[in-house]
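Working notes, structure below.
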Ligand SMILES: *Cc1c(COP(=O)(O)O)cnc(C)c1O
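Numbering (the working numbering), first residue to last: 49 to 452.
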């Protein structure tokens, strides 16, 4: 075989469409919650691929599931069903409020499916006037044109006009405003139980409860975008279980595949009927490799040990971050739930989240931002205590550097 092409971080700038600004090193290997770059430097991974690698890197059982399926069958197309997709559907149904599942490849596609379902359901049951979608400021629902328009950050959509019509935004956690926005013409309300990209901002319980009531009153579907909050991230399989508010439609992706691309929309029997044969679809949706991996990931995560372990790890993070706070007055709030944690920078350090992440990389820890003012941690749900301690010690050194 030919030698592989030599690549460095520089290659990114030469060959890649510049929609990302990746860190100035290239990671080549991961194991558990540690990753290594081309130079052999090790990092503690507090990002988990943006809330994706929920079981860390190279989990032996997940790897075995992938390899086993790779030896059997990779892909069929939707004219033929397969065993892993049917098993995954049953697992999701048994574990949630839902009766039916649709599979796709990403969070955006899952939300796209949810919004299309809502439009068609309203059309079929009420006629074409009921087509409005209510979403929330600062929300994030993906990058397709429909989902980027539903998202509440105009900077992601404004350059791609004309945008899909009939989408309205209301302030997050403001029930009075939502009561104004949601009317009999509303077909769906889409909301993240914790806004992830928008700054790790949890919904108030009474806000979600109120949205449920408003949706019931006006015959609108309540869609929970659990792409980031789902799959155990909050210490519950899905965050709706924590809130005790049941949506009509739920979208899940990111951690569902533990690193293998997959997304799903799940809903009730009644609503599922709307999407009849030929009304929606995607080539790779329900791919046997993806669903075999996701089935294993789901059965590993949906256990009392892992879900209770998330709550335990949350406390390790909060304790560690609070001691950093005592020493360096840089964060004015630590918020979120489970292992979706946001550290909000105070005024003096506003806009410096990215710089802190770069220093953290330098010290050997991988972390995320959620907007310019929030440092975000979304590590593996089974990260060992030793890695949490070591990662926070490294992070503390980065914070010390920015404070001096
Ligand atoms: C990441 C994310 C998405 C988009 O998922 P993709 O897989 O990137 O398309 C949608 N909604 C939320 C809440 C997310 O965090």
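Glycine included, every Cβ here is placed at the ideal spot set by N, Cα and C.
Is there at least one non-hydrogen atom of ligand 1 closer than 7 Å to the beta-carbon of residue i?
{"i": "residue 188", "result": "yes"}
{"i": "residue 240", "result": "yes"}
{"i": "residue 191", "result": "yes"}
{"i": "residue 237", "result": "no"}
{"i": "residue 320", "result": "no"}
{"i": "residue 155", "result": "yes"}
{"i": "residue 244", "result": "yes"}
{"i": "residue 1", "result": "With the chain represented from 49 up to 452, any question about residue 1 goes unanswered, as that position is not in the structure."}
{"i": "residue 137", "result": "no"}
{"i": "residue 276", "result": "yes"}
{"i": "residue 273", "result": "yes"}
{"i": "residue 311", "result": "yes"}
{"i": "residue 418", "result": "no"}
{"i": "residue 301", "result": "yes"}
Pull up the distance between the alpha-carbon of residue i and that of residue j, whole angstroms please.
{"i": "residue 443", "j": "residue 230", "result": "43 Å"}
{"i": "residue 449", "j": "residue 326", "result": "57 Å"}
{"i": "residue 133", "j": "residue 371", "result": "45 Å"}
{"i": "residue 76", "j": "residue 250", "result": "34 Å"}
{"i": "residue 106", "j": "residue 353", "result": "20 Å"}
{"i": "residue 330", "j": "residue 165", "result": "15 Å"}
{"i": "residue 217", "j": "residue 121", "result": "44 Å"}
{"i": "residue 273", "j": "residue 157", "result": "11 Å"}
{"i": "residue 112", "j": "residue 235", "result": "43 Å"}
{"i": "residue 396", "j": "residue 406", "result": "18 Å"}
{"i": "residue 437", "j": "residue 361", "result": "11 Å"}
{"i": "residue 26", "j": "residue 55", "result": "Missing from the structure shown is residue 26; the chain here goes from 49 to 452 and no further."}
{"i": "residue 135", "j": "residue 142", "result": "11 Å"}
{"i": "residue 66", "j": "residue 59", "result": "11 Å"}
{"i": "residue 417", "j": "residue 247", "result": "8 Å"}
{"i": "residue 139", "j": "residue 339", "result": "11 Å"}
{"i": "residue 173", "j": "residue 199", "result": "26 Å"}
{"i": "residue 245", "j": "residue 399", "result": "15 Å"}
{"i": "residue 359", "j": "residue 386", "result": "6 Å"}
{"i": "residue 451", "j": "residue 377", "result": "8 Å"}
{"i": "residue 333", "j": "residue 441", "result": "42 Å"}
{"i": "residue 269", "j": "residue 225", "result": "18 Å"}
{"i": "residue 223", "j": "residue 290", "result": "19 Å"}
{"i": "residue 265", "j": "residue 233", "result": "12 Å"}
{"i": "residue 263", "j": "residue 126", "result": "33 Å"}
{"i": "residue 79", "j": "residue 306", "result": "13 Å"}
{"i": "residue 210", "j": "residue 176", "result": "21 Å"}
{"i": "residue 208", "j": "residue 192", "result": "10 Å"}
{"i": "residue 104", "j": "residue 368", "result": "21 Å"}
{"i": "residue 299", "j": "residue 51", "result": "42 Å"}
{"i": "residue 287", "j": "residue 53", "result": "44 Å"}
So residue i and residue j are supposed to be a Cβ contact under 8 Å. How far apart are they, rounded?
{"i": "residue 237", "j": "residue 182", "result": "5 Å"}
{"i": "residue 366", "j": "residue 382", "result": "6 Å"}
{"i": "residue 91", "j": "residue 413", "result": "6 Å"}
{"i": "residue 110", "j": "residue 344", "result": "5 Å"}
{"i": "residue 308", "j": "residue 337", "result": "7 Å"}
{"i": "residue 101", "j": "residue 428", "result": "6 Å"}
{"i": "residue 390", "j": "residue 424", "result": "5 Å"}
{"i": "residue 73", "j": "residue 85", "result": "4 Å"}
{"i": "residue 271", "j": "residue 162", "result": "5 Å"}
{"i": "residue 320", "j": "residue 148", "result": "4 Å"}
{"i": "residue 282", "j": "residue 388", "result": "6 Å"}
{"i": "residue 159", "j": "residue 190", "result": "5 Å"}
{"i": "residue 380", "j": "residue 123", "result": "So it is not a contact: roughly 49 Å between Cβ atoms."}
{"i": "residue 155", "j": "residue 301", "result": "4 Å"}
{"i": "residue 280", "j": "residue 355", "result": "6 Å"}
{"i": "residue 186", "j": "residue 220", "result": "6 Å"}
{"i": "residue 433", "j": "residue 364", "result": "6 Å"}
{"i": "residue 408", "j": "residue 422", "result": "The pair is not a contact, with the Cβ atoms about 14 Å apart (cut-off 8 Å)."}
{"i": "residue 415", "j": "residue 145", "result": "Not confirmed; about 33 Å, so no contact."}
Is it true that the segment 199-213 meets the segment 255-274, where meeting means three or more beta-carbon pairs spaced less than 8 Å apart?
-> no
So, do the segment 312-329 and the segment 239-249 have three or more beta carbon pairs nearer to each other than 8 Å?
-> no
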